[in-house]
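Numbering (our numbering), first residue to last: 3 to 311.
Glycine is no exception: its CB is placed at the ideal position from the N, C-alpha and C atoms.
The structure displayed is predicted, hence computed values, not measured ones.
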């Protein structure tokens, strides 16, 4: 199968390439290769390469930045997705749209299933939800994959940020009242690879099993990396005064995967252990020195989402 990947330079895009390159022909578009906000450019790229399937992983992921740059967020997440969905439909390709747990308001109090009512709290979630609707309306052969709390080897994310700040500081402030499902991008890529080879179209929640608070997530990161001596200070979301409101409890249930006979993803802590011990080599961040994008310098708190999905 010939598969096109948008957002190929991101942490999910890189793991999709790792997972798929040995058994499929890939067309990997980074941002500089394909501007998804340019409708004609998308149509021309798809017509030229004619992939059998497209995994749309490109996104505007800054939750707080979206509140200040709503035009950019909607252009990428909503209208960029519209362009991808229409171009995929035009050439008869399958499409995987990577969405987010932020399409929910987090007030259900338990993990969300695919059929639960969406109610995003901010611009980021709203723009991603509009992308879902464009995908549903324009591309019949679609998979909408909602995921959450992503981390991987490439790019800045909560795990690498916690490890970096733990080495720089003696204590960290962590949100104790936000709950979600941490997800390793390599595991997400593996599940997408399985989905895309089927005709089982629809909406799926794809995250590592279980859920935890940001505080518990940070505790696990430090424990696995051998940095348990770093002190964690619990804070509530309201104390941070961030521009964007986050869902309090956005854990995802994999009901659709189970009903359709797909294998379950491993528990979030097992995935985290594999990532830190195998990819990061026991928490080392040596890969940042080799040109990979490390933790951003624009925040000295690890309580913000570097890549929510």
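Beta-carbon separation of residue i and residue j under 8 Å?
{"i": "residue 322", "j": "residue 140", "result": "Coverage of the chain is limited to positions 3 through 311, which leaves residue 322 absent and any answer about it impossible."}
{"i": "residue 249", "j": "residue 123", "result": "yes"}
{"i": "residue 246", "j": "residue 126", "result": "yes"}
{"i": "residue 16", "j": "residue 224", "result": "no"}
{"i": "residue 157", "j": "residue 251", "result": "no"}
Roughly how many angstroms separate the alpha carbons of residue i and residue j, rounded to a whole number?
{"i": "residue 270", "j": "residue 99", "result": "22 Å"}
{"i": "residue 279", "j": "residue 161", "result": "12 Å"}
{"i": "residue 307", "j": "residue 168", "result": "With a pLDDT of only 38 at residue 307, under 50, the local geometry of the prediction cannot be trusted, and the value read off the model is given with reservation. For residue 307 and residue 168, the distance between alpha carbons rounds to 17 Å."}
{"i": "residue 182", "j": "residue 210", "result": "10 Å"}
{"i": "residue 56", "j": "residue 144", "result": "9 Å"}
{"i": "residue 129", "j": "residue 207", "result": "18 Å"}
{"i": "residue 243", "j": "residue 66", "result": "11 Å"}
{"i": "residue 203", "j": "residue 195", "result": "13 Å"}
{"i": "residue 25", "j": "residue 121", "result": "38 Å"}
{"i": "residue 61", "j": "residue 13", "result": "12 Å"}
{"i": "residue 238", "j": "residue 178", "result": "6 Å"}
{"i": "residue 104", "j": "residue 20", "result": "27 Å"}
{"i": "residue 189", "j": "residue 201", "result": "20 Å"}
{"i": "residue 106", "j": "residue 260", "result": "21 Å"}
{"i": "residue 282", "j": "residue 22", "result": "21 Å"}
{"i": "residue 262", "j": "residue 256", "result": "10 Å"}
{"i": "residue 264", "j": "residue 193", "result": "9 Å"}
{"i": "residue 47", "j": "residue 31", "result": "10 Å"}
Ignore the nearest five residues each way along the sequence and tell me which others in residue i's own chain have a CB closer than 7 Å to its CB.
{"i": "residue 77", "result": "39"}
{"i": "residue 58", "result": "8, 83, 86, 97, 98, 99 and 100"}
{"i": "residue 53", "result": "4, 5, 6, 29 and 95"}
{"i": "residue 49", "result": "93"}
Go to residue i, then tell me how far its alpha helix (DSSP H) extends in each direction, as first and last residue.
{"i": "residue 149", "result": "Premise fails: residue 149 lies in the beta strand (DSSP E), 144–149, not in any alpha helix (DSSP H)."}
{"i": "residue 272", "result": "270–276"}
{"i": "residue 65", "result": "65–70"}
Assuming residue i is part of the beta strand (DSSP E), what are its boundary residues?
{"i": "residue 99", "result": "96–102"}
{"i": "residue 322", "result": "Here the chain comprises residues numbered 3 to 311, so residue 322 is not present and cannot be evaluated."}
{"i": "residue 234", "result": "233–237"}
{"i": "residue 39", "result": "Residue 39 -> no beta strand (DSSP E), and no H or E assigned at all."}
{"i": "residue 29", "result": "27–31"}
Within 10 Å of its beta-carbon, does residue i have 16 or more other beta-carbons around it, so buried, or fewer, so exposed?
{"i": "residue 216", "result": "buried"}
{"i": "residue 148", "result": "buried"}
{"i": "residue 175", "result": "buried"}
{"i": "residue 222", "result": "buried"}
{"i": "residue 63", "result": "buried"}
{"i": "residue 108", "result": "buried"}
{"i": "residue 236", "result": "exposed"}
{"i": "residue 35", "result": "exposed"}
{"i": "residue 134", "result": "buried"}
{"i": "residue 180", "result": "buried"}
{"i": "residue 230", "result": "exposed"}
So, at 6 Å on beta carbons, what are the nonlocal neighbours of residue i in its own chain, with the 5 sequence-adjacent residues on each side left out?
{"i": "residue 118", "result": "none"}
{"i": "residue 136", "result": "83, 84 and 87"}
{"i": "residue 41", "result": "85"}
Does any residue of chain C have a CB that is nearer than 8 Å to the CB of residue i?
{"i": "residue 137", "result": "Among the chains in the structure shown there is no chain C, since it carries only a single protein chain."}
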